[in-house]
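Asker: Got a structure for you, written out below as structure tokens; questions coming shortly.
In our numbering, the protein residues as written are 1 to 201.
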């Protein structure tokens, strides 16, 4: 395997609390009702366009994205880094495997967020006008192209149906992180062993 593509939220970090905080800050500042835990869970991991439609009817997705970009980092106290996330990129690099992050977080915000993280992927790709959010395969295909890998020679590591379906469309082998949505892995270091042998038996 020549590359590993990681989802960000739910795999490398747990940013649920940070996103719930910024979403409810937007609701407060713009006169919407508070977004409950139950409603938040229904939309967790979706695109900004879907957030605008589901949580804030009548709000333009571009306006919501600008708010996220300006205020998400105000809620970093609600973000937890997955144990081992800082080391797995170096270990993969040591066995000749390149890495990328592919996330439904907008691209510019992804870059700013990664400046505060202890890991350094070869590429990091978020949504943009030219790249559709997962479950579309756009970001996975671009990541493989940038890393010099074919989709069949990469793993996509994710924790949701968005990740699984994007991988299926891109024809990229999928690893389900702490989730029974595919070939399951429970620790990031397991991925290094799987890279060494491919999918295995």
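Even for Gly, the Cβ is constructed at its ideal location relative to N, Cα and C.
If we count Cβ pairs, one from each stretch, closer than 8 Å, do we get three or more for the stretch 49 to 61 versus the stretch 2 to 12?
Answerer: No contact exists between the stretch 49 to 61 and the stretch 2 to 12.
Asker: Helix or strand or just coil, what does DSSP make of residue 94?
Answerer: Here residue 94 sits in helix by DSSP.
Asker: Determine the burial state of residue 201: buried for a count of at least 16 other Cβ atoms within 10 Å of its Cβ, exposed for fewer.
Answerer: Any reading at residue 201 must be qualified, since the residue scores a pLDDT of 41, below 50, and its modelled position is unreliable; no value is offered.
Asker: Below 8 Å on the Cβ atoms is my guess for residue 44 versus residue 16; work out the distance and round it to an integer in Å.
Answerer: Confirmed, about 7 Å.
Asker: Could you check whether the stretch 164 to 171 touches the stretch 117 to 127, counting it as contact only if at least three pairs of C-beta atoms, one from each stretch, sit closer than 8 Å?
Answerer: No contact exists between the stretch 164 to 171 and the stretch 117 to 127.
Asker: Buried or exposed for residue 18, going by 16 or more other Cβ atoms inside 10 Å?
Answerer: When all chains shown are included, residue 18 counts as buried.
Asker: In chain order, what residues of the same chain have a beta carbon less than 7 Å from the beta carbon of residue 25, not counting five sequence neighbours either side?
Answerer: Result list for residue 25: 71, in chain order.
Asker: Among the residues of its own chain, which have a CB less than 8 Å from the CB of residue 22, if the five just before and after it don't count?
Answerer: Answer for residue 22: 67, 68, 71, 72, 74 and 75, listed in chain order.
Asker: Can you name the start and end residues of the alpha helix (DSSP H) that residue 150 belongs to?
Answerer: Run containing residue 150: none; DSSP gives neither H nor E here.
Asker: How should residue 150 be labelled, buried or exposed, when 16 other C-beta atoms within 10 angstroms of its C-beta is the threshold for buried?
Answerer: The residue in question, residue 150, is exposed, as its Cβ has fewer than 16 Cβ neighbours within 10 Å.
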